[in-house]
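Engineer: Okay, handing you the structure first.
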Amino acid sequence: MPGTSALEIIEMLLVATIGIILSIIPYVTEKSIIFGVRVPVEFRSTAQVRKAQITYFIGVLLVTALSEVLVFTVVYRYYLLLAVYPLFIVLLAFFVYLPEHYAIAKRKRDERWVEQANQTVTAQFVTAGTARLPWVYAVPGLLVLIALFVIGILHYPSIPSTFPTHFGYNGAPNHYSAKSIGTVFLVGFISIAITALMLLIAYAVSRTPFRVDNSSSQSMEKGEIFRYRMTAMILLIPAFINTTMLLSSLQMWGIFKPGNYLILSILAPVFAMLVLVVVVSYLTGQLGSNIRKPRNADVSGNTAGIKEESMKDDDIYWRAGVVYVNRRDQRWLVPKRFGVGYTLNFGHPGTIALMTLLFVIVLIAIFIH
Numbered sequence: 000m001p002g003t004s005a006l007e008i009i010e011m012l013l014v015a016t017i018g019i020i021l022s023i024i025p026y027v028t029e030k031s032i033i034f035g036v037r038v039p040v041e042f043r044s045t046a047q048v049r050k051a052q053i054t055y056f057i058g059v060l061l062v063t064a065l066s067e068v069l070v071f072t073v074v075y076r077y078y079l080l081l082a083v084y085p086l087f088i089v090l091l092a093f094f095v096y097l098p099e100h101y102a103i104a105k106r107k108r109d110e111r112w113v114e115q116a117n118q119t120v121t122a123q124f125v126t127a128g129t130a131r132l133p134w135v136y137a138v139p140g141l142l143v144l145i146a147l148f149v150i151g152i153l154h155y156p157s158i159p160s161t162f163p164t165h166f167g168y169n170g171a172p173n174h175y176s177a178k179s180i181g182t183v184f185l186v187g188f189i190s191i192a193i194t195a196l197m198l199l200i201a202y203a204v205s206r207t208p209f210r211v212d213n214s215s216s217q218s219m220e221k222g223e224i225f226r227y228r229m230t231a232m233i234l235l236i237p238a239f240i241n242t243t244m245l246l247s248s249l250q251m252w253g254i255f256k257p258g259n260y261l262i263l264s265i266l267a268p269v270f271a272m273l274v275l276v277v278v279v280s281y282l283t284g285q286l287g288s289n290i291r292k293p294r295n296a297d298v299s300g301n302t303a304g305i306k307e308e309s310m311k312d313d314d315i316y317w318r319a320g321v322v323y324v325n326r327r328d329q330r331w332l333v334p335k336r337f338g339v340g341y342t343l344n345f346g347h348p349g350t351i352a353l354m355t356l357l358f359v360i361v362l363i364a365i366f367i368h
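Residue numbers are given in numbering that gives the first Met the number 0: position 127 of the sequence shown equals residue 126, and the series is strictly consecutive.
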């Protein structure tokens, strides 16, 4: 059936994109971190490290290939399973990562890498200084959001008293609602919440201190470029999401009729967003690790106001190298150890508030709409 065919195409593209993102993680992670373990510079290019990277890469590719086969043979028959299937792939990749993480951690401990290198981890952070938030990247998303409400207001009189608010995978409506401001602009209100959340996260990222790697003379410049690019990308993300929301609203209002390829056309902006994330992440690397020669970096950051703390190792704050729990750290956002971007400090009270807000938004989007 045409609708199912479009759904399979979407799932295939999504699985492939997720597989690519997961497979390149070891090559975009901060150079001092190997599979979630902080490794002294003398041990970062050992045969075991290279073998672990290759093993992980091949393992994730095999998981991705198997997942593509399952899309055609089993998963496509169960629509609800399709919705959570990408998370299942991430979980499988995590189980590919775990043995490599624990193997590196064990070897580091058994061979006493830290003691041999006489390494002291100094928690010296570069703050935001006088750097400005690049608000210009938020403009496209705000313009799309404004367009959604302007079109909705102008078309409101033409919307029937009962109109479709949900569609099946073949593009046919399967749920109707009575006309009201709440039902007509529900998707728009969700877009406002998402946009506001992205602006909040972008601001937090722009103000979040990052650790200076003393083994690199360009670590501050690279870190500043990384923070700027991540902030700009987060500000740009609402443009893609709001475009999807706009197309969804136009479908409900009877203006946009993509037919059997409803999902493919509406989710196209989301795939474009994923491509942007992959490209920026690969070219930048975590904390700018893939930037070869930083030029014209805004290095207005400073280390004032941040207490320095020295220790033999800071792995103790990371569970499995991916979950950060440090009640002494005042940051609620911290750079990831495995991947590009930021993760939450689960020892910070602000994390609970943010996760609660995200949970509420997801509930509204799924159960109300």
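Glycine included, each C-beta is placed from N, C-alpha and C at the ideal position.
Note that the structure is predicted; figures quoted are calculated from it, not measured.
So, helix, strand or coil for ARG206, using DSSP?
Structural biologist: Position 207 of the sequence shown, counted from the first residue, corresponds to residue 206. Three-state result, ARG206: helix.
Engineer: What number of angstroms, rounded off, separates the C-alpha of ALA51 from the C-alpha of VAL62?
Structural biologist: The residue given as residue 51 occupies position 52 in the sequence shown. The residue given as residue 62 occupies position 63 in the sequence shown. Looking at the two C-alpha atoms, the distance is approximately 16 Å.
Engineer: Per the DSSP calculation, LEU332 is bridged to which residue(s)?
Structural biologist: As a position in the sequence shown, residue 332 is number 333, starting the count at 1. LEU332 is bridged to LEU343.
Engineer: So who's on the other strand from ILE32, going by DSSP bridges?
Structural biologist: To locate residue 32, count along the sequence shown from 1; it is residue 33. Looking at the DSSP assignment, ILE32 forms a beta bridge with ARG37.
Engineer: Our contact map puts PHE239 next to THR28 with C-beta atoms below 8 Å; I'd like the distance itself, whole angstroms only.
Structural biologist: Here residue 239 is taken as the residue at index 240 of the sequence shown, counted from 1. Here residue 28 is taken as the residue at index 29 of the sequence shown, counted from 1. Rounded, the Cβ-Cβ distance is 25 Å, inconsistent with contact.
Engineer: Within the same chain, show all residues whose beta-carbon is closer than 7 Å to that of THR230, passing over the 5 residues directly before and after it, in chain order.
Structural biologist: In the sequence shown, counting from the first residue as 1, residue 230 sits at position 231. Result list for THR230: LEU132, PRO133, ALA201, VAL204, SER205, in chain order.
Engineer: State buried or exposed for TYR399, treating a residue as buried only when at least 16 other CB atoms are found within 10 Å of its CB.
Structural biologist: Any question about residue 399 goes unanswered here, given that the chain covers just 0 to 368.
Engineer: For VAL143 versus LEU263, is the C-beta spacing smaller than 7 Å?
Structural biologist: The sequence position of residue 143 within the sequence shown is 144, counting from 1. The sequence position of residue 263 within the sequence shown is 264, counting from 1. No, Cβ-Cβ distance for VAL143 and LEU263 is not below 7 Å.
Engineer: Decide if the stretch 249–258 is in contact with the stretch 276–285; the criterion is three or more beta carbon pairs, one per stretch, under 8 Å apart.
Structural biologist: The answer is no - the stretch 276–285 does not touch the stretch 249–258, with fewer than three Cβ pairs under 8 Å.
Engineer: Quick check on the burial criterion: 16 or more other C-beta atoms within 10 angstroms. Buried or exposed for ILE189?
Structural biologist: Numbered from 1 along the sequence shown, position 190 holds the residue referred to as residue 189. So ILE189 counts as buried.
Engineer: Taking just the CA atoms, how far does SER288 sit from SER218?
Structural biologist: Against the sequence shown, residue 218 aligns to sequence position 219. Against the sequence shown, residue 288 aligns to sequence position 289. Those two C-alpha atoms are separated by around 8 Å.
Engineer: What are the complete beta strand (DSSP E) segments, minimum 3 residues, inside the stretch 146–200?
Structural biologist: Those beta strand (DSSP E) runs which fall completely within the stretch 146–200 and span 3+ residues are 161–166, 172–177.
Engineer: Can you tell me the Cβ-Cβ gap for VAL36 and ILE103, rounded? I've got them flagged as a contact below 8 Å.
Structural biologist: Position 37 of the sequence shown, counting from 1, holds the residue named residue 36. Position 104 of the sequence shown, counting from 1, holds the residue named residue 103. Right, the Cβ-Cβ distance comes to about 5 Å (below 8 Å), so this counts as a contact.
Engineer: Cβ-heavy atom distance between PHE93 and the ligand GDP below 6 Å?
Structural biologist: In the structure on display, the ligand GDP does not appear, and there are no ligands present to speak of.
Engineer: Go through its chain and collect everything with a Cβ distance to TYR323's Cβ below 8 Å, but skip five positions before and after it.
Structural biologist: The residue labelled residue 323 in the question sits at position 324 within the sequence shown. Same-chain partners within the cutoff: TYR316, TRP317, VAL333, ARG336, THR342, LEU343, ASN344, PHE345, GLY346.
Engineer: List the DSSP bridge partners of TYR323.
Structural biologist: One-based indexing of the sequence shown puts residue 323 at position 324. Partner(s): TRP317, ASN344.
Engineer: Does ILE57 pass the burial test, meaning 16 or more other C-beta atoms within 10 Å, or should it be called exposed?
Structural biologist: Reading the sequence shown from its first residue, position 58 is the one you call residue 57. The residue in question, ILE57, is exposed, as its Cβ has fewer than 16 Cβ neighbours within 10 Å.
Engineer: Check whether the Cβ atoms of VAL48 and ALA92 lie closer than 7 Å to each other.
Structural biologist: In the sequence shown, counting from the first residue as 1, residue 48 sits at position 49. In the sequence shown, counting from the first residue as 1, residue 92 sits at position 93. Not in contact: VAL48 and ALA92 (Cβ atoms no closer than 7 Å).
Engineer: Taking a contact to mean a Cβ-Cβ separation below 7 Å, would you say VAL339 touches SER280 in this structure?
Structural biologist: As a position in the sequence shown, residue 339 is number 340, starting the count at 1. As a position in the sequence shown, residue 280 is number 281, starting the count at 1. In contact: VAL339 and SER280 (Cβ atoms closer than 7 Å).
Engineer: Here's a check: name, in chain order, each residue in its chain whose Cβ is nearer than 8 Å to the Cβ of ILE360, leaving out the five neighbours to either side.
Structural biologist: Locating residue 360 in the sequence shown gives position 361, where the first residue counts as 1. Closer than 8 Å at Cβ, skipping near neighbours: ILE189, ALA192, ILE193, LEU196.
Engineer: Would the beta-carbon of PRO172 fall within 7 Å of that of PRO159?
Structural biologist: Translated into the one-based positions of the sequence shown, residue 172 becomes position 173. Translated into the one-based positions of the sequence shown, residue 159 becomes position 160. Going by C-beta atoms, PRO172 is not nearer than 7 Å to PRO159.
Engineer: Return helix, strand or coil for ASN241, following the three-state DSSP convention.
Structural biologist: Residue 241 sits at position 242 when you count from the first residue of the sequence shown. The answer is helix: DSSP assigns ASN241 an H, G or I state.
Engineer: Between the Cα of VAL38 and the Cα atoms of VAL95, ARG111, ILE8, which residue gives the shortest distance?
Structural biologist: The residue labelled residue 38 in the question sits at position 39 within the sequence shown. Closest option to VAL38, Cα to Cα, is ARG111.
Engineer: Since TYR55 and TYR101 should fall inside the 8 Å C-beta cutoff, what is the C-beta to C-beta distance between them, to a whole number of angstroms?
Structural biologist: By 1-based counting over the sequence shown, the position of residue 55 is 56. By 1-based counting over the sequence shown, the position of residue 101 is 102. TYR55 to TYR101, Cβ: 13 Å. No contact.
Engineer: Consult DSSP for VAL73 and reduce its assignment to one of helix, strand or coil.
Structural biologist: Residue 73 sits at position 74 when you count from the first residue of the sequence shown. Here VAL73 sits in coil by DSSP.
Engineer: Are there 16 or more other CB atoms within 10 angstroms of the CB of SER31, so buried, or fewer, so exposed?
Structural biologist: Position 32 of the sequence shown holds residue 31. Classification for SER31: buried.
Engineer: How is GLU110 classed by DSSP in three states: helix, strand or coil?
Structural biologist: Residue numbering aside, residue 110 sits at position 111 when the sequence shown is read from its first letter. GLU110 falls in the coil class under three-state DSSP.
Engineer: Leaving out the 5 sequence neighbours to the left and right, which residues in its chain are closer than 7 Å to ILE236 when beta-carbon positions are compared?
Structural biologist: Mapped onto the sequence shown, residue 236 falls at position 237. MET197, MET272.
Engineer: Which residues in the same chain have their Cβ closer than 8 Å to the Cβ of ILE9, if we skip the five residues on either side of it in sequence?
Structural biologist: Here residue 9 refers to the residue found at position 10 when the sequence shown is read from its first residue. Here the set comprises ILE262, LEU263, LEU266.
Engineer: Ends of the alpha helix (DSSP H) at ALA271?
Structural biologist: Within the sequence shown, numbered from 1, the residue matching residue 271 stands at position 272. Counting along the chain, the alpha helix (DSSP H) containing ALA271 begins and ends at 267–283.
Engineer: Going by CA-CA distance only, name the one from ALA352, ASP314, ALA177, GLY349 that's closest to ARG108.
Structural biologist: Taking the sequence shown and counting its residues from 1, one reaches residue 108 at position 109. Of ALA352, ASP314, ALA177, GLY349, the residue nearest in Cα terms is ASP314.
Engineer: Count the other C-beta atoms from every protein chain shown that fall within 10 angstroms of the C-beta of MET354, then say buried if there are 16 or more, exposed otherwise.
Structural biologist: Taking the sequence shown and counting its residues from 1, the one referred to as residue 354 is at position 355. With fewer than 16 Cβ atoms within 10 Å of its Cβ, MET354 is classed as exposed.
Engineer: With 16 other CB atoms within 10 Å as the buried threshold, where does ALA137 fall?
Structural biologist: Counted from its first residue, the sequence shown places residue 137 at position 138. Burial call: buried.
Engineer: So, using beta-carbon positions, are LEU286 and PHE358 closer together than 7 Å?
Structural biologist: On the sequence shown, position 287 is the one that residue 286 refers to. On the sequence shown, position 359 is the one that residue 358 refers to. Not a contact, by the Cβ cut-off of 7 Å.
Engineer: Assuming the contact rule is C-beta atoms closer than 8 Å, THR283 and ARG228 should be a hit. Round their C-beta distance to whole Å, please.
Structural biologist: Position 284 of the sequence shown, counted from the first residue, corresponds to residue 283. Position 229 of the sequence shown, counted from the first residue, corresponds to residue 228. Yes, they are in contact, since the Cβ atoms of THR283 and ARG228 sit about 5 Å apart, within 8 Å.
Engineer: Hey, could you find the ends of the alpha helix (DSSP H) VAL27 is sitting in?
Structural biologist: Taking the sequence shown and counting its residues from 1, one reaches residue 27 at position 28. It spans 24–27 - the alpha helix (DSSP H) in which VAL27 sits, taken as one unbroken run.
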